[in-house]
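Okay, structure first, notes after.
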Amino acid sequence: MAVAKRNIAFLIIDMAQEQFHPNGTPIITSWPGHAHILSLAQALPKERVFDSRLWISPADNSSLHELYPGVGIAGRKGTELCAELITKLPGLSTFVKKVQYSAFYGAELDNLMAPENVGVVMLAGINTDYCVFASGMRVQQSVGKPVIAEGLQSLKNFWDARE
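The structure is reproduced here in structure tokens:
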């Protein structure tokens, strides 16, 4: 019996305008910036691209609103996706609201990936130590294989070895 091919999704996390200075440089100075995300997204094979950013409304029960007041407020201009990603990333089709560290908090992203038969999720974003990490942990629990995109340079044989 043949095993169905598992699809690859690329998940961009927290690439909101408020994560960058007005000149486009990232607030987190050690991070290479949105040009890095663009180069990864354009070079890597994938079937779907998801965009997940903080999008907290007063009705959401989120501790992040208390920890980071003023960040990720639903509907504010700063919570919009970086303009460069919008214009230069073809195939960016699905926005998933994020109210906790993991983009998978709640069931929305799981429900979107299940019918797509996603088995590998490549993750990239500005907050690798919290949000990308937390999302990667959830991928391993519920979807399949997480791959943190920043580390792909050392995984040259990944695509040949994947299931």
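The sequence shown finishes on residue 163 if you use UniProt numbering, and the numbering steps up by one all the way, no holes. Backbone N, C-alpha and C fix where the C-beta goes; we use that ideal spot for every residue, glycine too. Note that the structure is predicted; figures quoted are calculated from it, not measured.
For Phe95, the pairing in a beta bridge is given by DSSP as Asp51.
Sorting Lys98, Ile37, Met122 and Asp129 by C-alpha distance to the C-alpha of Gln140 places Met122 at the top.
Annotated three-state conformation of Phe104 is coil, per DSSP.
Inter-segment contact for the stretch 5-16 and the stretch 82-92 is present: three or more beta-carbon pairs are separated by less than 8 Å.
Around the beta-carbon of Ser39, fewer than 16 other beta-carbon atoms lie within 10 Å, marking it exposed. Of the residues Tyr101, Lys97 and Val132, the one whose Cα lies closest to the Cα of Glu108 is Lys97. Listed in chain order, the non-local C-beta contacts of Gly136 below 7 Å within the same chain comprise Leu123, Pro146 and Ile148, local neighbours out to five positions each way being set aside.
Judged by DSSP in its simplified three-state form, Leu123 adopts strand.
Cβ-Cβ distances below 8 Å link Thr94 to Arg48, Val49, Phe50, Asp51 and Leu112 in the same chain, with the five nearest sequence neighbours on each side left out; the list follows chain order. Only residues of its own chain outside the window of five on either side were considered, and among them Asn7, Ala9, Glu47 and Arg48 have a CB closer than 8 Å to the CB of Glu116, listed in chain order. Rounded to whole angstroms, the Cβ separation of Gly72 and Trp55 is 6 Å, and the two are in contact under 8 Å. Within the same chain, and ignoring the five residues on either side of Val132 in sequence, the residues whose Cβ sits closer than 6 Å to its Cβ are Ile13, Leu123 and Gly125.
Taking the Cα of Phe104 as reference, the smallest distance to any Cα among Leu89, Asp129, Arg76 and Ala134 is reached at Ala134. Contact between Tyr101 and Tyr68 does not hold, since their C-beta atoms are separated by about 11 Å, which reaches or exceeds 8 Å. Exclusion of the five residues before and after Ala74 leaves Trp55, Ile56 and Ser57 as the residues of its chain whose Cβ lies within less than 7 Å of its Cβ.
Cβ neighbours of Asp110 within its own chain (closer than 8 Å, five residues either side excluded): Phe104, Ser142 and Val143.
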